[in-house]
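To start, the structure itself, in C-alpha cells.
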Amino acid sequence: MTDTILSIAGVSKTYAARGKAPAVTALHAVDLDIRRGEIFALLGPNGAGKTTLISIVCGIVVPSTGAITIDGIDTQTGYRQARRRIGLVPQELATDAFESVLATVSFSRRLFGRAANAAYIEQLLRDLALWDKRNAKIMELSGGMKRRVLIAKALAHEPDILFLDEPSAGVDVALRRDMWNMVRGLRERGVTIILTTHYIEEAEEMADRVGVIAKGKLLLVDDKTALMKKLGKRQLDLTLVEPLAAIPPELADWHPSLEHDGHTLRYVFDATGERTGIPSFLNRLSECGIAFKDLETSKSSLEDIFVDLVGERP
Amino acid sequence: MNLHGIWAIYRFEMARFGRTIWTSLLVPVITTSLYFIVFGSAIGSQMQQVSGIPYGAFIVPGLMLLAIFSESILNASLGIYMPKFTGTIYEILSAPLSPLETVLGYVGAATTKSVLIGLVIFATAHLFVDLPVAHPLLAFGFLVLVAASFCLFGFTIGIWAKGFEQLQVIPLLVVTPLTFLGGAFYSVTILPEPWRTITLFNPVVYLINGFRWTFFGTSDVAVGISLTVTIAFLLACLAAITLIFRTGWRLKS
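Chains as they are written, first to last, in the working numbering: chain A, 329 to 642; chain B, 13 to 265.
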C-alpha cells in the first residue's frame, strides 16, 4: 500500500464573475495523492492551474469545492497542524527588502510556531550557501540569492512537504543545477517535494512522478519512467544515399515518412512493443535497393509527450 | 495558540518602527511644539481658560488623540498593506495562525507604537504647560483603548486599500476633519446651535472628551457615554476584521 502524505480530493476553484468578465474555472475537480518522500512534478503551460492548486493546499486560495488532507489532517479544520508541515517557495521573488537574511529566515521559523533554533538556521543557511550573506539586506542580493532565501524561509520550520512553485523561473543554468541537487538532498532527508514547472527538463531531471495539468484539468499522473515508456515513441532516421521523391508502396506497412526533401527516411515505432519492426524494415529497404549512409535513433522526451497530451508547448 | 507566530509579527513590525525611530518620534514632537506655539501661545493668550482649564493644557488631550488617530491608522494600515504590496502576504496566509493571532501581532505592534508616540507628545506638552492628570491610570487605559481601536480601524483600511492613495483617503478626508470638528481645540459647549447638536453626532467628540475627563475630571459629555462609544468602535472594527478573515476578502482569492 502506498504511503500517501497529501491527498487532494475533488478540489475545484471558480473565480466569480467581475463586472463584464465572466466567471472563470481555474481548476476542475482535481484528485491527486502525493506519496511520502517523492518528488512530484506538476507540469503544465502558463495558466494551467498549477499555482492555484498549490495555493489552495497552502491556504492562500479558498477552494470552491473539495477537501485536502495532510497525513489525514484536514487542511480546513486542522489548519494549524496541517500548515506546520508545509513549506512554500513562491514563484515571485516576494521578500522584505530591508530585512537581513538571518532575520527574515528566523522570522519564518517563528511564524510557523517553532521556537528559535540558531544551530538549525545556521546549518540551513550554510547548506544554501547563504551563511556568508546572513547579515546582508535582502535588497542587496542577486535574484538567485533571493531565490535561495525564499527556499531557506520555506525550510526554516522544518516542513515535511515542500512546494516549489516554478523554482527555476529567472534562474541561470548553474544555479538551476545547484537547486536540483539541493532538492535531491532534501528528498534524501525525507522531505516530500512538489514542484510546479513548465520546464520539461526540470521534471525530467528530478521528478519521480509527473502530473500533467492543462486548462485546470489534471490530465494524467504517472511515474516518470513509466509515463515515458508508456507514451514514449522512438524513431529511426535513415540518411539516404539518393533522395526519394515518394515513399515506395513496398514500405507502406511501416508507415514511414520522408523528411529533409526526401534525404531522410523516418520510421517511428513503439518503444515498448515486443517487435520494433526494424529488422524487417531494413530488409525491405535492401530488397527495394534503397541505400542509406547513416542512421540515427532517438526517443521522445517528456516534452514530446506533453505536446501530444495538451497540444501545446509547456 | 501560536505565541511564536504572534511574537514574530510583533517583533517584525517593531523592527520596522525601529528603522525609522527618529522620524517617527521627532515628527510628533515638532508637530506638538508647533501646535503649542500657534494655539497655545498665539491664540491661547487671547483665551485664558476653557471650562475652567488653561487653554494650553485644555488642548493637550486633543493633540495627543489627533496624533494617535493618524499614527494608529498609518502604522496598522501599512503593517498589513505592505505585505500585500510586496507579495510577502503569502507567508502570513500560509502560516498556522488564526485571524486573532494575526491581528494580535500586527495591531499589538501598531498600538505599542501609537502609545509610545502619545507618551512622547505628553512629555513634550510638559515643556510648554503645567499639566496635571486627574486619573493617570484611566488616562493610560483610555489611551491604549483608543490607540487599539484606531489600529484595528487602520488594519481594516490596510486590507481594503488597493493602492497607496486609498490608504490616505479615510485618514485625510474623514478622520482628520472629524477630529478638528470634534472639540480637539475647543469645548463643544461654546458652539452655537444647531452646530452644537450636529457636533454631538461626531463620535470623535466622545473619544476626545472621555480622554480629557481623565486629565481634568471634567468634559462636555458624560464619561460613560465616551467609554461606551470607544468600546463600540473597537467592537465594530473587530467584527469587520473577523468578517474579512472569515471570507478572505481582499486577502485570499
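Glycine included, C-beta positions come from ideal geometry on N, C-alpha and C.
Quantities reported herein were computed from a predicted structural model and do not represent experimental measurements.
{"Check": "Cα-Cα separation between Gln-563/A and Glu-587/A, rounded to whole angstroms", "Outcome": "12 Å"}
{"Check": "Asp-424/A: first and last residue of the uninterrupted alpha helix (DSSP H) it sits in", "Outcome": "Where Asp-424/A is concerned, there is no enclosing alpha helix (DSSP H), given that its DSSP letter is neither H nor E."}
{"Check": "Glu-486/A at chain B interface by Cβ criterion, 8 Å", "Outcome": "no"}
{"Check": "Per-residue contacts from Ala-542/A into chain B (C-beta, under 9 Å)", "Outcome": "The contacting residues do not exist; Ala-542/A stays about 21 Å from chain B at best."}
{"Check": "The region 386-398 of chain A: positions lying closer than 8 Å to chain B by Cβ", "Outcome": "Cys-386, Gly-387, Ile-388, Val-389 and Val-390"}
{"Check": "Between the CA atoms of Arg-408/A and Asn-14/B - distance to the nearest angstrom", "Outcome": "9 Å"}
{"Check": "Residue of Ile-133/B, Leu-250/B, Ser-63/B and Tyr-47/B minimising C-alpha distance to Gly-166/B", "Outcome": "Leu-250/B"}
{"Check": "contact_flag[the region 211-225 of chain B, the region 236-252 of chain B] where n(CB pairs < 8 Å) is 3 or more", "Outcome": "yes"}
{"Check": "Distance, Ala-444/A Cα to Pro-487/A Cα", "Outcome": "15 Å"}
{"Check": "Local conformation of Arg-515/A per DSSP, three classes", "Outcome": "helix"}
{"Check": "Three-way DSSP call (helix, strand, coil) for Tyr-198/B in this model", "Outcome": "coil"}
{"Check": "Stretch pair the region 117-124 of chain B + the region 23-35 of chain B: three plus CB contacts closer than 8 Å", "Outcome": "yes"}
{"Check": "Backbone secondary structure at Gln-451/A - three-state DSSP", "Outcome": "helix"}
{"Check": "Interface flag, Leu-523/A vs chain B, CB-CB below 8 Å", "Outcome": "no"}
{"Check": "Run of the beta strand (DSSP E) containing Gly-394/A, from where it starts to where it stops", "Outcome": "393-398"}
{"Check": "Inter-stretch contact at 8 Å, needing at least 3 Cβ pairs: the region 433-451 of chain A / the region 120-140 of chain B", "Outcome": "no"}
{"Check": "Val-635/A - DSSP class collapsed to helix/strand/coil", "Outcome": "helix"}
{"Check": "Where the beta strand (DSSP E) containing His-356/A begins and where it ends", "Outcome": "352-363"}
{"Check": "Span separating the alpha-carbon of Leu-334/A from that of Glu-420/A", "Outcome": "24 Å"}
{"Check": "Where Val-186/B sits in the DSSP three-state scheme", "Outcome": "helix"}
{"Check": "According to DSSP, residues forming a beta bridge with Pro-40/B", "Outcome": "Paired residue(s): none; Pro-40/B is not in a bridge."}
{"Check": "Cα-Cα separation between Leu-469/A and Leu-246/B, rounded to whole angstroms", "Outcome": "42 Å"}
{"Check": "Local conformation of Lys-174/B per DSSP, three classes", "Outcome": "coil"}
{"Check": "Residue interval of the beta strand (DSSP E) (run including Glu-494/A)", "Outcome": "Glu-494/A -> no beta strand (DSSP E), and no H or E assigned at all."}
{"Check": "Burial state of Thr-524/A (16 or more Cβ within 10 Å)", "Outcome": "buried"}
{"Check": "Residue from Gly-590/A, Leu-566/A and Ser-608/A with nearest C-alpha to Glu-624/A", "Outcome": "Leu-566/A"}
{"Check": "Limits of the unbroken alpha helix (DSSP H) element including Glu-624/A", "Outcome": "Segment 620-627 is the beta strand (DSSP E) holding Glu-624/A; no alpha helix (DSSP H) there."}
{"Check": "Gln-409/A: first and last residue of the uninterrupted alpha helix (DSSP H) it sits in", "Outcome": "407-412"}
{"Check": "Leu-637/A beta carbon less than 8 Å from that of Ile-522/A", "Outcome": "no"}
{"Check": "Residue interval of the beta strand (DSSP E) (run including Lys-341/A)", "Outcome": "332-343"}
{"Check": "Span of the alpha helix (DSSP H), counted from its first residue to its last, around Phe-97/B", "Outcome": "67-98"}
{"Check": "Residue burial classification, Ser-161/B (beta-carbon count within 10 angstroms, cutoff 16)", "Outcome": "buried"}
{"Check": "Minimum Cβ-Cβ distance from Asn-14/B to chain A less than 8 Å", "Outcome": "yes"}
{"Check": "Leu-416/A and Ala-482/A closer than 8 Å at C-beta", "Outcome": "yes"}
{"Check": "Cβ pair count under 8 Å reaching 3, the region 398-414 of chain A against the region 450-458 of chain A", "Outcome": "no"}
{"Check": "Buried versus exposed call for Met-329/A [16 or more other C-beta atoms within 10 Å across all chains shown]", "Outcome": "For Met-329/A, the predicted model reports a pLDDT of 48, less than 50, meaning its position is unreliable; a value from the coordinates is still stated below. Under this definition Met-329/A is an exposed residue."}
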